[in-house]
Each structure stands twice: as structure tokens, then as C-alpha cells.
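Student: Sharing a structure with you now.
Protein chains: 2
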Amino acid sequence: MSTGINPRPMRSRTGRRALGSVELAGTAGSRSRREILDAAARILRSHGYHATTLRDIAAAVGMKAGSIYYHFASKDEIVAAVMNDGVDHVLNTVESALRLLPPAADPRLKVEVAIRSHLSALLEYSDYTSAGLKAYSDAPEAVRQAARAHRRRYEAIWGRLVDDLMRAGRSPPGTSAQTLRLAVLGMMNWSPEWYRPTRHSIETLAREFAALLVQAKA
Amino acid sequence: MSTGINPRPMRSRTGRRALGSVELAGTAGSRSRREILDAAARILRSHGYHATTLRDIAAAVGMKAGSIYYHFASKDEIVAAVMNDGVDHVLNTVESALRLLPPAADPRLKVEVAIRSHLSALLEYSDYTSAGLKAYSDAPEAVRQAARAHRRRYEAIWGRLVDDLMRAGRSPPGTSAQTLRLAVLGMMNWSPEWYRPTRHSIETLAREFAALLVQAKA
DNA sequence: GTCTATATGAAGATAGAC
DNA sequence: GTCTATCTTCATATAGAC
């Protein structure tokens, strides 16, 4: 049985491949296709993998469930696209923000900027990113498999940030690079469980998280 | 429509109330009841709320799905019991470990011991604890509601640990008590996403996480 | 491109035999 | 206490009309 998430010819208007669409800005691709993904991301974010139904997604874009299959081959193809777009989006957000800093910027500032960008994508701007985080562990293995390359690419950014930190002698004493990376991803990725826009400030959270990870300049 | 998770008379052999059973050790309660909860915890931990079916749980204890209803009024009653037992278990684990320390123990040691106990319950010993974490956000509001009191009680432990830290002047500069608490719960509770017994040591992780949260003695 | 109608399966829950 | 049988609902997915 095919899971329908492997790239293969689709009868889509534009003929773009099903997986790996990267342009969240919508520079290409059919209107409906992006609208469906937007709705799916929104519902996946709040309801999770199993509680998100094609009927819900279809209703959110003013369609019936059957019509979805003109645009996507399966539910899992939609989920995979949302998940991968979500990771790619937070990757682009963080990388863009880091590129605006001078290469010689203080490592503490780099970490703080990266955290702020990550939290902002996760909590404010991208249903895709939070949907991906929430749905990942419930999705079928084929979907998770397709997501792994994207995730690894993103996690490498944090590997580099942490390495810079250690090379600059600014990591807290007694912590390995590996643990530092897992710790920062954990505090950030757990935040959807408690974050309330009215109670917390992303700006402040980023500053304080960075303070935990980076030693003050000697 | 009743969700079936509110305590009410059950036709159970022992007549114990449905929710809030605290004795994980099984000092009381019917054999089948605890066996069902054990199986439910194990399956919930790996499959999550929606993908855990009464048929699966029943099969795991050598029953048919219909028979479950002799012991529990609904799936959500089972889920709520697992979740609440899970929180109570990690609370007892952490509190017991802390009680073994002298009251005047170094705050760093207290934090490290608490982290080790939490990680140990979450990753090694209790299906209930990890099941509760994984199922919480997918469970119906009535189940989450029933869990809140338990969670709050547990989180208060970390509030106290962090307060001690700040009073002792050992918290990292520039971090609030609130953020410190959310950060440590985040790095710990995200760990089921990446932890592999063959690759990580709970002992080491606890030491390194504690190093992040507690300043070296001046 | 979207619809209606439907095939197919699986879920939670109940009734009543044993 | 557990079983079988069944009710009801709702999911993904397909076929074919428009």
C-alpha cells in the first residue's frame, strides 16, 4: 500500500512535485494547493495528526473532502508537505536573521538572535512550524522519514552555533556541545505547551534563554 | 454527554473510586484494573491518545474490548487515570529523592538530584509519566482539566527549587525564576523526543542540565 | 476543479448470553 | 468477569457526474 507521500507525478495544474515545496511565500504553485496547506497547518497545529481530518481541512477552504484529492494524493502527503515546509521556514527565518549580523558578532548575540527567530516562527508566525512539531511523533513512519533530512539540516545550525560558543570559551563549564544543543532545542520546542502571548514576551524569553546558554564575557 | 472521567460509583470489585488512584505500587485495587492501566500506559506512551484503542489495550491484557467496560466507564477515564498517576509518580520520585538530601545541601546538588529523578521517571521507569506527557495535549478538555491540579502540584516543586537557587544567589545572571522553571521543564520534557538509552546517560544529562541552571559557587 | 455518493474499515460504546 | 454481537459514527479514499 502506498502512503502517497513519495514524490510522483500529480495531476496538478502546475505540475510541481508534491513534496518539498519550499516557497512559503507562494511565488508559485496553485492557489488552492497553498490554501489547503495553510488550512491544514492551522488545524494540525491545534488538533494534531489524528484529530485533523480531510473534512475539516476541506471545510476550512470551502470545499468538500473528496475535492482535496484533486490536489493531493493522500492525507499524509499534506501532512508531510506541512511538516517539511515548517522546518524549512524556521530554518530560513533563523538563517536570515543570523546573516544580518556581522560575522564577528558576539556569540551571545548570535545565540540570542537565533533563539528569538526560532521562538517567533514557532509561536507567532508559522502554523507550519508548530504543526510540524506537534504532528511529528504521531505521523506514520513514512512521513517522519521524509521529514528527517529537513530536520537534520536545521539542527545543524544549532550545532554550529554551539560549536562557536565552545570555541569562544563562552559555554557554561561542565556542559558538552551535544547537551547544550539538546537543551536549547528542548526549552524552545516545549514552549508551545505553556506560552501565552499575553503573559510572555518572546524578546524577553530569548534574552533569558540565551543567558542560560552563554557565559558572560570574561 | 458524560465523558466518563468524573469520579462516580463503579461496579468494581473493590469499589475504589475511578480517578485519582495514587498507589502505583498496587497495594490495593483489583488486579485487572491495574493491569489495564499498565497496558494503557505502555500503549499511550508509544502511540499517543488517538492511536491508542480500547481493542489494543484489551488485547494487551488478554481481553476483548467490551470487557474493559466492566472495569472502566470510558476510554477517557482510563487516560485520565494514567495521566494523573503519571504526574503523581514523578512527583513522588522527585520528592523522595530530595528528602534523602540534608536540608542544607548545596542548591546545585538539589537541582541535579531533582533532574535525575525526573529524567529517570520519564525515560526509564514510568510508562505512566511519559504517557501522560504525550497524551495530554491531544486529550479532551475534560481529561486535561482533571490533570491540572496534579500538574500544578508537581510544578510547584520546581518553583521552590528555583526560588532556593535565586535566594542562594546561584541562578544565572539575567534570568527570572519563572523562565528558569520553564527552561528546565522544557529541556527535561522534550527529552523523550531524542533520548536513546544506548546513546545518552541520564546521570550525565542531569549533571550537565544542572550546570546550565546553577552558577558555580562564588 | 468541485461535487455527490459510496466503498471500506475502524473506532467507542452497549446489551445480553454465559 | 468476560464473551459475542451489534449500534452508531466517522475516518480515508475512490468513482463518476457536472
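Note that the protein sequences, when read in sequence, are chains A and B.
Here the first sequence is numbered in this note's numbering, starting from 469 and rising by one per residue.
Here the second sequence is numbered in this note's numbering, starting from 469 and rising by one per residue.
Note that the Cβ used here is the ideal one computed from N, Cα and C, for glycine as well.
Grab the span of the alpha helix (DSSP H) containing B:Q646 for me, first residue to last.
Tutor: Stepping through the second sequence from its first residue, residue 646 of chain B is reached at position 178. That run of the alpha helix (DSSP H) goes 645-657.
Student: Whole angstroms are fine: how far does the CA of B:R499 sit from the CA of B:A519?
Tutor: Translated into the one-based positions of the second sequence, residue 519 of chain B becomes position 51. Translated into the one-based positions of the second sequence, residue 499 of chain B becomes position 31. Computed Cα separation, rounded: 25 Å.
Student: Whose CA, out of B:A528, B:R513, B:R638, lies closest to the CA of B:R501?
Tutor: As a working mapping, residue 501 of chain B is identified with position 33 in the second sequence. When only C-alpha atoms are compared, the closest one is B:A528.
Student: In whole angstroms, what separates the C-alpha of A:S644 from that of A:V682?
Tutor: By one-based count along the first sequence, residue 644 of chain A stands at place 176. By one-based count along the first sequence, residue 682 of chain A stands at place 214. The straight-line gap from Cα to Cα measures roughly 13 Å.
Student: Can you list, in chain order, the residues of its chain with a C-beta nearer than 8 Å to that of A:K685? Leave out the 5 residues immediately preceding and following it.
Tutor: Locating residue 685 of chain A in the first sequence gives position 217, counting from the first residue. Correct list, in chain order: D574, R576, R638.
Student: Between A:R584, A:E661, A:A615, which lies nearest to A:Y604 when the distance is taken from Cα to Cα?
Tutor: The sequence position of residue 604 of chain A within the first sequence is 136, counting from 1. With distances taken between Cα atoms, A:Y604 lies closest to A:A615.
Student: Secondary structure at B:W662, three-state DSSP: helix, strand or coil?
Tutor: Translated into positions along the second sequence, residue 662 of chain B becomes position 194. DSSP places B:W662 in coil when its eight states are reduced to three.
Student: What's the C-alpha gap between B:E609 and A:L653?
Tutor: Here the question's residue 609 of chain B lines up with position 141 in the second sequence. Here the question's residue 653 of chain A lines up with position 185 in the first sequence. Looking at the two C-alpha atoms, the distance is approximately 28 Å.
Student: Look at A:K578 and A:L569 and say whether their C-beta atoms are less than 9 Å apart.
Tutor: Position 110 of the first sequence, counted from the start, is the residue given in the question as residue 578 of chain A. Position 101 of the first sequence, counted from the start, is the residue given in the question as residue 569 of chain A. With a cutoff of 9 Å on beta-carbon distance, A:K578 and A:L569 are scored as near each other.
Student: Under 9 Å between beta-carbons, which chain B residues line up against A:E580? List them in chain order, please.
Tutor: As a working note, residue 580 of chain A is residue 112 in the first sequence. Correct list: empty, because the minimum Cβ distance to chain B is about 11 Å.
Student: Hey, is A:S588's beta-carbon within less than 9 Å of any beta-carbon in chain B?
Tutor: The count along the first sequence starts at 1 and reaches residue 588 of chain A at position 120. So no, A:S588 is outside the interface.
Student: With 9 Å as the threshold, decide whether the Cβ of A:W626 is near any Cβ in chain B.
Tutor: Here residue 626 of chain A is taken as the residue at index 158 of the first sequence, counted from 1. No, its Cβ sits nowhere closer than 9 Å to a Cβ of chain B.
Student: Using the C-alpha atoms, what's the distance from B:W662 back to B:R635?
Tutor: Looking up residue 635 of chain B in the second sequence gives position 167. Looking up residue 662 of chain B in the second sequence gives position 194. Straight-line Cα distance between these residues: approximately 33 Å.
Student: For a test of the three-state rule: what should DSSP assign to A:A614, helix, strand or coil?
Tutor: Locating residue 614 of chain A in the first sequence gives position 146, counting from the first residue. A:A614 falls in the helix class under three-state DSSP.
Student: Whose C-beta lies closer than 7 Å to the C-beta of A:L522 among residues of the same chain, with five residues either side of it excluded?
Tutor: Within the first sequence, the letter at position 54 stands for residue 522 of chain A. A533, I536, K543.
Student: Which value, in whole angstroms, describes the spacing of the CA atoms of B:A493 and B:T597?
Tutor: In the second sequence, the residue the question calls residue 493 of chain B occupies position 25. In the second sequence, the residue the question calls residue 597 of chain B occupies position 129. Its pLDDT being 47, under 50, B:A493 is placed unreliably by the model, and the measurement read from it follows with that caveat. Cα to Cα, B:A493 sits roughly 14 Å from B:T597.
Student: Which value, in whole angstroms, describes the spacing of the CA atoms of B:S480 and B:A541?
Tutor: Position 12 of the second sequence, counted from the start, is the residue given in the question as residue 480 of chain B. Position 73 of the second sequence, counted from the start, is the residue given in the question as residue 541 of chain B. Because the pLDDT of B:S480 is 41, which lies under 50, any placement of that residue in the model is unreliable, and the number read from its coordinates should be weighed accordingly. About 10 Å.
Student: If you measure between the beta carbons of A:D595 and A:R510, is that distance less than 9 Å?
Tutor: Translated into the one-based positions of the first sequence, residue 595 of chain A becomes position 127. Translated into the one-based positions of the first sequence, residue 510 of chain A becomes position 42. Closer than 9 Å, so yes.
Student: What is the DSSP secondary structure of B:G516, counted as helix, strand or coil?
Tutor: Residue 516 of chain B sits at position 48 when you count from the first residue of the second sequence. B:G516 falls in the helix class under three-state DSSP.
Student: Are the C-beta atoms of B:M656 and some chain A residue less than 9 Å apart?
Tutor: In the second sequence, the residue the question calls residue 656 of chain B occupies position 188. Yes, B:M656 counts as interfacial toward chain A.
Student: Is A:K543 helix, strand or coil when you go by DSSP?
Tutor: As a working note, residue 543 of chain A is residue 75 in the first sequence. Helix, per DSSP.
Student: For the alpha helix (DSSP H) holding B:D595, just list the boundary residues, first then last.
Tutor: Within the second sequence, the letter at position 127 stands for residue 595 of chain B. Unbroken alpha helix (DSSP H) run through B:D595: 595-604.
Student: Please confirm whether B:Y596 has its beta-carbon closer than 9 Å to some beta-carbon of chain A.
Tutor: Sequence index remark: in the second sequence, residue 596 of chain B carries index 128 (1-based). Output row for B:Y596: interface = no.
Student: What is the DSSP secondary structure of B:G554, counted as helix, strand or coil?
Tutor: In the second sequence, counting from the first residue as 1, residue 554 of chain B sits at position 86. Of the three classes helix, strand and coil, the one that applies to B:G554 here is helix, per DSSP.
Student: Am I right that A:G642 and B:A679 are in contact with their C-beta atoms under 8 Å? What's the rounded C-beta distance?
Tutor: Position 174 of the first sequence, counting from 1, holds the residue named residue 642 of chain A. Position 211 of the second sequence, counting from 1, holds the residue named residue 679 of chain B. Correct: roughly 4 Å between the Cβ atoms.
Student: Quick check on B:T561: buried or exposed, where buried means 16 or more other Cβ atoms within 10 Å of its Cβ?
Tutor: By one-based count along the second sequence, residue 561 of chain B stands at place 93. That one is buried.
Student: Out of curiosity, what's the CA-to-CA distance linking B:E671 and B:M655?
Tutor: To locate residue 671 of chain B, count along the second sequence from 1; it is residue 203. To locate residue 655 of chain B, count along the second sequence from 1; it is residue 187. Using only the alpha carbons, I get a separation of about 15 Å.
Student: What is the DSSP secondary structure of B:G534, counted as helix, strand or coil?
Tutor: Counted from its first residue, the second sequence places residue 534 of chain B at position 66. When DSSP states are grouped into helix, strand and coil, B:G534 belongs to the helix group.
Student: Based on Cα-Cα distance, which residue from B:I625, B:V547, B:V611, B:W658 lies nearest to B:L505?
Tutor: Taking the first residue of the second sequence as position 1, residue 505 of chain B is located at position 37. For B:L505, the nearest C-alpha among the options comes from B:V547.
Student: List the residues of chain A that B:G516 touches, going by C-beta distances under 9 Å, in chain order.
Tutor: Working through the second sequence from its first residue, we reach residue 516 of chain B at position 48. Simply G516, Y517, H518, S605, D606.
Student: Whole angstroms are fine: how far does the CA of A:R584 sit from the CA of A:L650?
Tutor: One-based indexing of the first sequence puts residue 650 of chain A at position 182. One-based indexing of the first sequence puts residue 584 of chain A at position 116. Rounded to whole angstroms, A:L650 to A:R584 spans 17 Å at the Cα level.
Student: For chain B, check one thing: does any of its Cβ atoms lie closer than 9 Å to the Cβ of A:A486?
Tutor: Position 18 of the first sequence, counting from 1, holds the residue named residue 486 of chain A. Its pLDDT being 34, under 50, A:A486 is placed unreliably in this model, and the coordinates cannot settle the point.
Student: By Cβ distance, which residues of its chain are closer than 7 Å to A:D524, with the 5 residues on each side in sequence left out?
Tutor: Position 56 of the first sequence holds residue 524 of chain A. Only I511 meet the Cβ criterion.
Student: Determine whether the Cβ of B:G642 lies closer than 9 Å to any Cβ atom of chain A.
Tutor: As a working mapping, residue 642 of chain B is identified with position 174 in the second sequence. It does; some Cβ of chain A falls within 9 Å.
Student: Can you tell me the Cβ-Cβ gap for B:L566 and B:V555, rounded? I've got them flagged as a contact below 8 Å.
Tutor: Residue mapping note: residue 566 of chain B aligns to position 98 of the second sequence, counting from 1. Residue mapping note: residue 555 of chain B aligns to position 87 of the second sequence, counting from 1. Actually they do not touch by this definition, with Cβ atoms about 17 Å apart.
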